[in-house]
Amino acid sequence: MKKNTKYIIYAVFIAFTFPSISLAQKGKTDAHIANAEKHYQALKYAYAIPLLEKALTAQPQHTKSIELLANSYRKTKQYQSAAKWYSKLVELSPPKLEWALSYAEVLANLGQYEASEIWYKKYLGLANNDSRASAFAESYPSIDSFMKNKTRWKIGFTNLNTSLAEYAPMYYKDGLLFVSNRKTEVLTKNVFGWDQTPFSDLYYIDHLNKIKPINVDSVMLAAKNDKNTSRFYRANNDDTYRTSNDSRTFIDHSLVINDTLSKALGNLGLATKLSGFVNTKYHEGPAALLPDGSLMFTRNNYFKGKARKSTQGITKLKMFTAAAPGFDDLKPFIHNSDEYSTGHPALNQQGTLLIFASDMPGGFGGTDLYFCTRTSIKDEWSKPINMGKRVNTEGDELFPTLHQNNILFFSSTGHVGLGGLDIFQIQLEGNLPTGSPINLGAPINSSVDDFSLIRDESGLNGFFTSNRKGNDDIYAFGYQDYKIILKGILTEKATGQGIANINIVVNNLNQQFTIKTDNKGNFIYELPKDASTRLDFNIPHFKTANLEIGTQDIHSDTVLTRDIALEKMMETAISKIPVQECDAIRKLISQFIIYYDLDKSFIRKDAALVADQVAIFLKQHPEFDLVASSYCDSRASNAYNMALSLRRSQSAKQYLVARGIDASKIKIRHFGEQNLVNSCKDGVNCSEAQQQLNRRTQFYIIYKGQNIQDIDCGTLTSAIK
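Just add 826 to wherever you are in the sequence shown, counting from 1, and you've got this note's numbering.
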């Protein structure tokens, strides 16, 4: 009985205790969720993440927590974790539109373009209209188009970088100015709560030759193997400020840093913090240089020791100008506002055009690019003007830079790209963009954020920022020029002997010219890039041949070998007819007509056979000259047909010259659509075969200025004798 009583007491204890434990756990979980939401709303994603992870351990199906956690991982660029939680969200019914869109974007960040395409299409099935998502979905099946220039550019991780962030490079004097949140001290108090990193300042390196590429993989491996690379702990205060790099908000915590990468590189002494009143204890960002040496730069809304916030409690970005030479006199940009951000300045060489990023009301999307003008650097800036839909999208446009005043580079999440921010370029006419933005493609762009590209005066070298290795890092790039060489030997098929000193007609890029074989029949030619080339081998006494080569898929030094063996022609009837047999010659000459494709002037294979006969005749009878008269059918305008018939005569002449005929013996004429051989004039419905008869070049043999068809045979025979 005692034993049973013991069990009863234990059961009663459990019954009364477990609800208390359960309620306590629920209360603790609810507290985690509440605190996480508070951090999330304050844009303190790094602090929301562990609280949400704990909450979801206790309540795995809590939809709001899953959503906040997925978004927090995406905001802090932890795309693998973000994808994991978005995959759970999109399985819920009904899914929110933004879940499908965010999942598609994160999958693209991971380089999973096929899966991203699927979710963009699912999003489009839920959304009424989203041109940006539609463009991304349509582009991903042909993702290889972004890779076509991959071997043209060589990029390198530079020795400027640390275990923290370096970004937004700018040419400054003989060196480079850039933004970094590197710290030389181990303990740093001011910390950015978005992703738990220090605030950033402006630094410069005094000479470009100090910047070197490094083997990032081996150095990063050493850094990752050091467990003390980055350890964090929380401090006490909670001031919130905005980043220079987008719409982030900062909190003030402390951070213990062991910068293994910098220790391995020994590079902290390479760069110097900018002097003057530019840098503060909070955040400074992308800058641009004025002609007088003054600096226009981005900062959180912090001026004269005070930070100001919007009516929603957010500290916005603002731009300031620090006067040269000491950067000790600061002036706010006239169009700064507490209610929206202005930042990322780009200036023309005269300092009279300013392009910048802003989320001011009335734009196309999140952040747009705007421009202001002024007559001189002493004047005030005009009212900002949106750069329009050629540049701006429903997404974000950021980090503009100008090259030679008329090429704008910028980064965008809205134009079709490889994922995250991609770098684009567009031409400017005056102050406005013209044409469509061009995605720079790989290797400049990647599936994550790439931005702040600058080029030197040549346009062949420069720097840009990418977080493809996990942090914002500065990369150097250079154009790798390459050559595509075609070489071969031209031989007689029957004997294998080289055919020496022969002209080969080259057709490409709407041009026609000749190259020549050497004394052994060898030929060599540098092919143009991204183009198709045709070589015509029109050699006297040999059957014609041609070679077509495209270089669109070749992007590195390449040597192509193409040997050509020509078959010798049998003696033709014309060569057996003595000139005294005038009537027979006239009959053959009347057949000296070649025909062309519609709207074309190149010599077709069938036309080449006839032109070869003309060349043979002229070589055997050097006393004769030639007139090449060309015609068109009646389609197209008279003016166009006159120009086309001229091109046909020029093409025929060049063909014969390549066969060894003296150019001075050939005269050309062109008649457009005159002298039709049938009734196929304008408005008459004719078959293609009938039209073909009018697209022709007719050859006339001339003796002492007269067409031999018009000379009496007796007179001609006597004269030639």
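All C-beta atoms, glycine included, are put in the ideal place defined by N, C-alpha and C.
Check	Outcome
Using only the alpha-carbon positions, how far apart do Gly1347 and Tyr1305 sit?	35 Å
How long is the line joining the alpha carbons of Arg1294 and Asp1275, rounded to whole angstroms?	7 Å
Identify whether Trp1207 lies in helix, strand or coil by the three-state DSSP scheme.	coil
Pull up the DSSP beta-bridge partners for Leu1279, would you.	Paired residue(s): none; Leu1279 is not in a bridge.
With a 10 Å radius around its C-beta and 16 neighbouring C-beta atoms as the bar for buried, classify Pro1151 as buried or exposed.	exposed
Measuring straight from C-alpha to C-alpha, what distance separates Thr1069 and Tyr939?	Note on Thr1069: pLDDT 34, under 50, position unreliable in the model; the coordinate value appears next. Each residue's Cα considered, the two are about 30 Å apart.
Report the rounded CA-to-CA distance for Gln784 versus Thr1193, giving the unit in angstroms.	Any question about residue 784 goes unanswered here, given that the chain covers just 827 to 1547.
Under 7 Å Cβ to Cβ from Asp1356, same chain only, skipping five residues before and after it: list those, please.	Thr1377, Gln1378
How many Å lie between Ser907 and Tyr871 at the Cα?	14 Å
With 16 other CB atoms within 10 Å as the buried threshold, where does Val1385 fall?	exposed
Assuming Thr1387 is part of the alpha helix (DSSP H), what are its boundary residues?	Careful: Thr1387 lies outside any alpha helix (DSSP H), inside the beta strand (DSSP E) at 1384 to 1387.
By the 10 Å Cβ neighbour count, where 16 or more other Cβ atoms means buried, how is Arg1388 classified, buried or exposed?	exposed
Would you tell me roughly how many angstroms separate the C-alpha atoms of Ile1534 and Leu1502, rounded to the nearest one?	22 Å
According to DSSP, simplified to helix, strand and coil, what is His858?	helix
Check the DSSP bridge columns for Cys1198 and list the partner residues they point to.	Leu1180
Quick one: is Ala1465 buried, meaning 16 or more other Cβ sit within 10 Å of its Cβ, or exposed?	exposed
Starting from the Cα of Val1510, find the closest Cα among Asp1488, Arg1461, Phe1443, Gln1532 and give me that residue.	Arg1461
Where does Ala1149 fall in DSSP's three states?	coil
How big is the Cα-Cα spacing for Tyr998 and Ile1280?	12 Å
Among residues of its own chain, excluding the 5 on either side of Lys948, which ones have a beta-carbon nearer than 7 Å to its beta-carbon?	Ala926
If Pro1112 sits next to Ala994, beta carbons under 8 Å apart, how far is it from one beta carbon to the other, in whole angstroms?	4 Å
What does DSSP give as the partner residue(s) for Arg1125 in the beta ladder?	Glu1110, Lys1144
Closest to Phe983 by C-alpha separation, out of Tyr1301, Lys1394, Asp1383, would be which residue?	Tyr1301
Can you tell me where the alpha helix (DSSP H) with Pro876 in it begins and where it stops?	871 to 884
Starting from Phe1525, follow the beta strand (DSSP E) in both directions and report where the run begins and ends.	1522 to 1529
Could you pull out every residue in the same chain whose Cβ sits closer than 6 Å to the Cβ of Asn1297, ignoring the five residues on either side in sequence?	Ala991
Measure the Cβ-Cβ separation of Ser1026 and Asn1007 and say whether it is below 7 Å.	yes
Could you please give the first and the last residue of the uninterrupted alpha helix (DSSP H) stretch that includes Ala1564?	Absent from the structure is residue 1564, since the part of the chain shown begins at 827 and ends at 1547.
Give the straight-line distance between the Cα atoms of Leu1096 and Phe1289, rounded to the nearest whole angstrom.	17 Å
Give the secondary structure of Ser1456 by DSSP, where H, G and I count as helix, E and B as strand, and everything else as coil.	strand
Given this structure, state the Cα-to-Cα distance separating Gln1417 from Glu1374, to the nearest angstrom.	29 Å
Less than 8 Å between the CB atoms is what I'm expecting for Phe1182 and Pro1226, so what's the real figure, rounded?	7 Å
Let me check understanding here. Comparing Cα to Cα, which of Gly1498, Cys1539, Leu1452 lies closest to Phe1525?	Leu1452
I'd like to confirm the pairing. Which residues does DSSP put opposite Gly1169 in its beta bridges?	Ala1183
Using beta-carbon positions only, say whether Ala1391 and Thr1343 come within less than 7 Å of one another.	no
In three-state terms, what does DSSP make of Glu1374?	strand
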